[in-house]
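> Can you read through this structure? Questions will come right after.
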Amino acid sequence: MRTLVHTDKELIEAIIKKCDICYVGLADTDGTPYVLPMNFGYRDGVIYLHSAQEGRSISILERNPRVCITFSTDHDLVFQHPEVACSYRMRSKSVISWGKVRFEEDFDKKTEALDIIMKQYSDKEFRYSDPAVKNVKIWIVELDEVSCKEFGAPHDKLRIN
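With the sequence shown counted from 1, adding 3 to any position gets you our numbering.
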């Protein structure tokens with residue numbers, strides 16, 4: 004078993020789209036890390052997130068908008084020998100990405116972002132009330148850098164089920 008590095012955009016996007024949650028890492032100006040599991044949407048190299056208008060994450064992002072977002076899927080415990088603990092490994096596929104958060108305030112663009120987020124989870128079309136759109140904080144993260152790895156790979160090809 005080995006670790007493969009993938010750079011193909013289609014493979015990276017397939018992993019992202021297969022995930023139902025992402026982990027968003029923030030760092031406060033004093034270096035304190037803060038990681039949030041979040042629902043998300045993805046389109047054309049941009050991650051869309053939503054939250055409450057206020058809170059710890061918003062306060063941190065106002066001071067430092069840089070984030071690291073991770074995705075991980077297809078977890079499966081594998082081993083080379085059942086009696087050798089060090090031969091056990093979690094087979095998985097992951098994407099780690101970096102970017103800077105900007106908040107979207109335009110009503111129509113917020114609605115579009117909510118549609119992108121909901122598309123990650125459902126093919127249904129949704130309608131949003133004006134207060135719901137006005138009261139949600141939309142995070143837009145254009146990805147500056149992306150890394151993709153497949154851990155415990157038995158071969159050279161990435162398989163997305």
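All C-beta atoms in this analysis are idealised placements derived from N, C-alpha and C, irrespective of residue type, glycine included.
Predicted model only: the values in this text are computed from it and were never measured.
Out of Lys113, Val98, Trp142 and Gln123, point me to the one whose CA is closest to tyrosine 131's CA.
For the purposes of this step, residue 131 is taken as residue 128 along the sequence shown, with counting starting at 1. Minimum Cα distance to tyrosine 131 is reached at Lys113.
> Considering just the uninterrupted stretch of the beta strand (DSSP E) at arginine 46, what are its terminal residues?
By 1-based counting over the sequence shown, the position of residue 46 is 43. Segment 44 to 46, the beta strand (DSSP E) holding arginine 46.
> Apart from the five residues on each side of it in sequence, which residues of its chain come closer than 6 Å, Cβ to Cβ, to valine 104?
For the purposes of this step, residue 104 is taken as residue 101 along the sequence shown, with counting starting at 1. Closer than 6 Å at Cβ, skipping near neighbours: Leu64, Pro68, Val70, Trp142 and Val144.
> May I ask you to report which of helix, strand or coil DSSP gives valine 70?
Within the sequence shown, the letter at position 67 stands for residue 70. It is a strand residue.
> Short check: CB of cysteine 232 to CB of histidine 53, under 8 Å?
Lying outside 4 to 164, the shown extent of the chain, residue 232 is not represented and no answer is given.
> Around the C-beta of cysteine 22, are 16 or more other C-beta atoms found within 10 angstroms, so that it is buried, or is it exposed?
On the sequence shown, position 19 is the one that residue 22 refers to. Under this definition cysteine 22 is a buried residue.
> What's the gap between the Cα of leucine 14 and the Cα of glycine 34?
In the sequence shown, counting from the first residue as 1, residue 14 sits at position 11. In the sequence shown, counting from the first residue as 1, residue 34 sits at position 31. Computed Cα separation, rounded: 33 Å.
> Based on Cα-Cα distance, which residue from Phe82, Thr32, Val98 and Lys96 lies nearest to arginine 66?
Translated into the one-based positions of the sequence shown, residue 66 becomes position 63. Selected option, being the one with the closest Cα: Thr32.
> Look at the alpha carbon of serine 62 and the alpha carbon of glycine 102, and state the distance between them as a whole number of angstroms.
The sequence position of residue 62 within the sequence shown is 59, counting from 1. The sequence position of residue 102 within the sequence shown is 99, counting from 1. Straight-line Cα distance between these residues: approximately 17 Å.
> Which whole-angstrom value describes the C-beta separation of threonine 76 and tyrosine 26, a residue pair presumed to lie in contact below a C-beta threshold of 8 Å?
For this step, residue 76 is matched to residue 73 along the sequence shown. For this step, residue 26 is matched to residue 23 along the sequence shown. Actually they do not touch by this definition, with Cβ atoms about 12 Å apart.
> So what does DSSP say about lysine 127, is it helix, strand or coil?
Within the sequence shown, the letter at position 124 stands for residue 127. Three-state DSSP puts lysine 127 in coil, outside helix and strand.
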